[in-house]
Amino acid sequence: MRERKSVPSWTIGAVALAIVTVVVFSSAWASGLGWARSSNAGPTSEAPLQVASSLKTPCVTGYSPQFPVYDPVDHDIYVPNYNSANISVFTEACKSVGIITLAAHADPVAGVFDPQNDYLYVTDCGLNKVYLIQGLTVESSITDPSLSCPWIPTYDPENTYVIVPNSGSNTITVLNGNIVEKALEVGTGPTSVDYDPVDAFEPSQYTGIVVVANHQSDNLTVLLASNLTHLWDDTVGGAPYQVIYDPASLSDVYTLPGSGQVGFLQDFTTVNVGKNPMGIVFDQATLSDFVVCSGSHNVWEITDLGAVTHFELPSSVVPIGIAYSDANNNLYITAGGTGFSGPSYGYLYPSSK
365 MRERKSVPSW TIGAVALAIV TVVVFSSAWA SGLGWARSSN AGPTSEAPLQ
415 VASSLKTPCV TGYSPQFPVY DPVDHDIYVP NYNSANISVF TEACKSVGII
465 TLAAHADPVA GVFDPQNDYL YVTDCGLNKV YLIQGLTVES SITDPSLSCP
515 WIPTYDPENT YVIVPNSGSN TITVLNGNIV EKALEVGTGP TSVDYDPVDA
565 FEPSQYTGIV VVANHQSDNL TVLLASNLTH LWDDTVGGAP YQVIYDPASL
615 SDVYTLPGSG QVGFLQDFTT VNVGKNPMGI VFDQATLSDF VVCSGSHNVW
665 EITDLGAVTH FELPSSVVPI GIAYSDANNN LYITAGGTGF SGPSYGYLYP
715 SSK
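Residue numbers are given in this note's numbering: position 241 of the sequence shown equals residue 605, and the series is strictly consecutive.
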């Protein structure tokens, strides 16, 4: 495995807000993204070693909860409920703060925090919108022809942009405040974006890159962060879904639900995890990556020693997304019911590491 380095405070400050979003399982079908295909990538790790921890009693969300989003200012957890047309808001102690009700047919999916204006940007696949939220109030919404089932956004601190992948097309939409700056072509069915402030390729040619996970075209698109020009595409197989920047390993890490693996862009290695890995987040306290495996009902931890199962969830629920709180160093995992024919109940599980 790669060496994991201690993370300088400036690095955490620059990227922590860009790595708190996570991934969805049930709505991958609902939005027509298509299910994961097999990959030619070979396994490079051993079977799970142990179950390390348990979970606290969950709080109840709306139907089909998706990506929990952490607000580092209020320290609240926002849960977009795909089949409820609303967003549940909880304290870190899993107590309800309130519910943000959206318009009929809204399908909220994911979000990211913008420290420039203290807004949460939440994507809506059903109405093709992005909402700007403070507290329990939708301050404004963004509509644009380029928005097509917007999915997991990221914050780009180099340009102070919010970058939104459009899973229903082959584009990303670049937002500056509440203004659409531009739309750029990438691969097919992009589901996630990350910002990498210190490109670790050797010799390094770039100060920073933006990486897009293209779920349907089985590849990653890499852009130059300074002006978002296209650099290259990497075919990785396995229907890449969620990509994040890991400042401990200086790598862009992505889930591969089609092959049951997690990949590392900088050294092109993979590690085996559970079935259908979808959501992933970096934990600043442990310097580990935590991966939600929807098909095996568990969460894995990737460390220097390999991948181990860390949380087991009831077989009656399907874990979907995961967020990290830097206030209490806890993880928050969303899970929906096992039925996909219609709306299903949901939970938010706080961790007990």
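The C-beta atom is built at its ideal place from N, Cα and C for all residues, glycine as well.
Exercise for review: Taking the CB atoms as reference points, tell me whether leucine 588 and valine 576 lie closer together than 8 Å.
Suggested key: Locating residue 588 in the sequence shown gives position 224, counting from the first residue. Locating residue 576 in the sequence shown gives position 212, counting from the first residue. No, Cβ-Cβ distance for leucine 588 and valine 576 is not below 8 Å.
Check your understanding: Contact check, isoleucine 451 vs isoleucine 464 under 8 Å by CB: the rounded distance?
Key -> Counting from one through the sequence shown, the residue named residue 451 turns up at place 87. Counting from one through the sequence shown, the residue named residue 464 turns up at place 100. That belief holds up - the Cβ atoms of isoleucine 451 and isoleucine 464 are roughly 4 Å apart, short of 8 Å.
Exercise for review: Run through the stretch 608-669 for me and flag every whole beta strand (DSSP E) of 3 or more residues, listed as ranges in chain order.
Suggested key: 615-620, 625-628, 633-636, 641-647, 652-657, 662-667
Practice item. Check proline 509 in the structure and name its three-state DSSP category. Key: Along the sequence shown, read from residue 1 onward, the residue named residue 509 stands at position 145. Proline 509 falls in the coil class under three-state DSSP.
Exercise for review: Please determine if the stretch 551-559 and the stretch 528-536 are in contact, where contact requires at least 3 C-beta pairs separated by less than 8 Å.
Suggested key: yes
Practice item. For phenylalanine 431, name the three-state secondary structure that DSSP assigns. Key: Here residue 431 corresponds to residue number 67 of the sequence shown, with the count starting at 1. Here phenylalanine 431 sits in coil by DSSP.
**Study point:** Straight-line gap, aspartate 520 to proline 604 (C-alpha atoms, nearest Å)
**Key:** Residue 520 sits at position 156 when you count from the first residue of the sequence shown. Residue 604 sits at position 240 when you count from the first residue of the sequence shown. Going from the Cα of aspartate 520 to the Cα of proline 604 covers about 21 Å.
**Study point:** Through-space distance from cysteine 489 to isoleucine 697, alpha-carbon basis
**Key:** By 1-based counting over the sequence shown, the position of residue 697 is 333. By 1-based counting over the sequence shown, the position of residue 489 is 125. The alpha-carbon atoms of isoleucine 697 and cysteine 489 are separated by roughly 21 Å.
Check your understanding: What are the boundary residues of the beta strand (DSSP E) that leucine 500 is part of?
Key -> Translated into the one-based positions of the sequence shown, residue 500 becomes position 136. It is not in any beta strand (DSSP E) - leucine 500 carries neither H nor E in the DSSP assignment.
**Study point:** Buried or exposed (CB count within 10 angstroms, at least 16 for buried), isoleucine 543
**Key:** Along the sequence shown, read from residue 1 onward, the residue named residue 543 stands at position 179. Exposed, by the Cβ-count rule.
Practice item. Give the single residue among Leu629, Leu539, Asp616 whose Cα lies nearest to the Cα of leucine 592. Key: The sequence position of residue 592 within the sequence shown is 228, counting from 1. The residue with the shortest Cα to Cα distance from leucine 592 is Leu539.
Exercise for review: Would you kindly work out how many angstroms separate the C-alpha atoms of tyrosine 485 and proline 429, rounded to a whole number?
Suggested key: On the sequence shown, residue 485 is found 121 positions in, with the first residue counted as 1. On the sequence shown, residue 429 is found 65 positions in, with the first residue counted as 1. It is roughly 17 Å from the alpha-carbon of tyrosine 485 to the alpha-carbon of proline 429.
Review point. Measuring CB to CB, does proline 422 end up less than 8 Å from tyrosine 713?
Key: Your numbering for residue 422 matches position 58 in the sequence shown. Your numbering for residue 713 matches position 349 in the sequence shown. Result yes, Cβ atoms of proline 422 and tyrosine 713 sit closer than 8 Å.
Exercise for review: Compare the beta carbon distance of alanine 691 and glutamate 456 with 8 Å and say whether it is the shorter of the two.
Suggested key: Here residue 691 refers to the residue found at position 327 when the sequence shown is read from its first residue. Here residue 456 refers to the residue found at position 92 when the sequence shown is read from its first residue. Against a cut-off of 8 Å, the Cβ pair of glutamate 456 and alanine 691 comes out as a contact.
Practice item. List the DSSP bridge partners of asparagine 693. Key: Taking the sequence shown and counting its residues from 1, the one referred to as residue 693 is at position 329. Paired residues: none, contrary to the question.
Check your understanding: Span of the beta strand (DSSP E) holding proline 554?
Key -> Translated into positions along the sequence shown, residue 554 becomes position 190. Counting along the chain, the beta strand (DSSP E) containing proline 554 begins and ends at 554-560.
Point to revise | Spatial neighbours of glycine 659 in its chain, beta-carbon cut-off 7 Å, leaving aside the 5 residues before and after | key: Translated into the one-based positions of the sequence shown, residue 659 becomes position 295. Closer than 7 Å at Cβ, skipping near neighbours: Gly638, Lys639, Asn640.
Review point. Based on Cα-Cα distance, which residue from Ser623, Asp598, Gly643 lies nearest to glutamine 630?
Key: Residue numbering aside, residue 630 sits at position 266 when the sequence shown is read from its first letter. When each option's Cα is compared against that of glutamine 630, the closest is Asp598.
Check your understanding: What is the DSSP secondary structure of serine 318, counted as helix, strand or coil?
Key -> Nothing can be reported for residue 318, as the shown portion of the chain is limited to 365 through 717.
Point to revise | Nearest-angstrom Cα separation, counted from valine 655 out to glycine 701 | key: Walking along the sequence shown from the start, residue 701 turns up at place 337. Walking along the sequence shown from the start, residue 655 turns up at place 291. About 19 Å.
Check your understanding: Tell me, which residues are paired with asparagine 720 by DSSP?
Key -> The structure shown does not extend to residue 720, since the chain spans only 365 to 717, so no value can be given for it.
Point to revise | Separation of glycine 602 from tyrosine 434, as counted between CA atoms | key: The residue given as residue 434 occupies position 70 in the sequence shown. The residue given as residue 602 occupies position 238 in the sequence shown. For the pair tyrosine 434 and glycine 602, the Cα-to-Cα distance works out to about 28 Å.
Exercise for review: Please state whether DSSP places aspartate 482 in a helix, a strand or coil.
Suggested key: Residue mapping note: residue 482 aligns to position 118 of the sequence shown, counting from 1. DSSP places aspartate 482 in coil when its eight states are reduced to three.
**Study point:** Option nearest valine 443 by Cα separation, candidates Val437, Pro436, Val424
**Key:** Translated into the one-based positions of the sequence shown, residue 443 becomes position 79. Checking every option, the nearest Cα to that of valine 443 belongs to Val424.
Review point. What is the rounded straight-line gap between the Cα of tryptophan 374 and the Cα of threonine 571?
Key: If you number the sequence shown from 1, residue 374 lands on position 10. If you number the sequence shown from 1, residue 571 lands on position 207. Since pLDDT at tryptophan 374 reaches only 34, below the 50 mark, its modelled position is unreliable, and the value read off the structure follows with that caveat. Each residue's Cα considered, the two are about 15 Å apart.
Review point. If you check the beta carbons only, do asparagine 445 and glycine 710 fall under 8 Å apart?
Key: The residue you call residue 445 lines up with position 81 of the sequence shown. The residue you call residue 710 lines up with position 346 of the sequence shown. Contact: yes.
Check your understanding: Is it right to say lysine 546 is buried, meaning 16 or more other beta carbons lie within 10 angstroms of its own, or is it exposed?
Key -> Looking up residue 546 in the sequence shown gives position 182. Exposed, because fewer than 16 other Cβ atoms sit within 10 Å of the Cβ of lysine 546.
**Study point:** glycine 710 (DSSP reduced to helix, strand or coil)
**Key:** Walking along the sequence shown from the start, residue 710 turns up at place 346. Here glycine 710 sits in strand by DSSP.
Check your understanding: Name the DSSP beta bridge partners of tyrosine 525, please?
Key -> Translated into the one-based positions of the sequence shown, residue 525 becomes position 161. Asp520, per the DSSP bridge assignment.
Exercise for review: Taking only the alpha-carbon atoms, compute the straight-line gap between tryptophan 596 and valine 586 and give it to the nearest angstrom.
Suggested key: As a first step, residue 596 is located in the sequence shown; it is residue number 232 there, counting from the start. As a first step, residue 586 is located in the sequence shown; it is residue number 222 there, counting from the start. Answer to the nearest angstrom: the Cα atoms are 5 Å apart.
Exercise for review: Look up threonine 425 in the DSSP assignment and say whether it is helix, strand or coil.
Suggested key: Translated into the one-based positions of the sequence shown, residue 425 becomes position 61. Reduced to three states, the DSSP call for threonine 425 is coil.
Review point. Between which two residues does the beta strand (DSSP E) carrying tyrosine 688 extend?
Key: If you number the sequence shown from 1, residue 688 lands on position 324. Per DSSP, tyrosine 688 belongs to the beta strand (DSSP E) from 681-688.
Exercise for review: Identify which residue in Val600, Val645, Gln480 has its Cα closest to the Cα of threonine 328.
Suggested key: Because the chain in this structure spans residues 365 to 717, residue 328 falls outside the shown range and cannot be described.
Point to revise | Contact under 8 Å by Cβ, valine 557 with threonine 518 | key: Here residue 557 corresponds to residue number 193 of the sequence shown, with the count starting at 1. Here residue 518 corresponds to residue number 154 of the sequence shown, with the count starting at 1. Yes, they are a contact pair.
Exercise for review: Select from Leu614, Ser679, Ser680 the residue whose C-alpha is nearest the C-alpha of valine 562.
Suggested key: Stepping through the sequence shown from its first residue, residue 562 is reached at position 198. Here the closest residue by C-alpha is Leu614.
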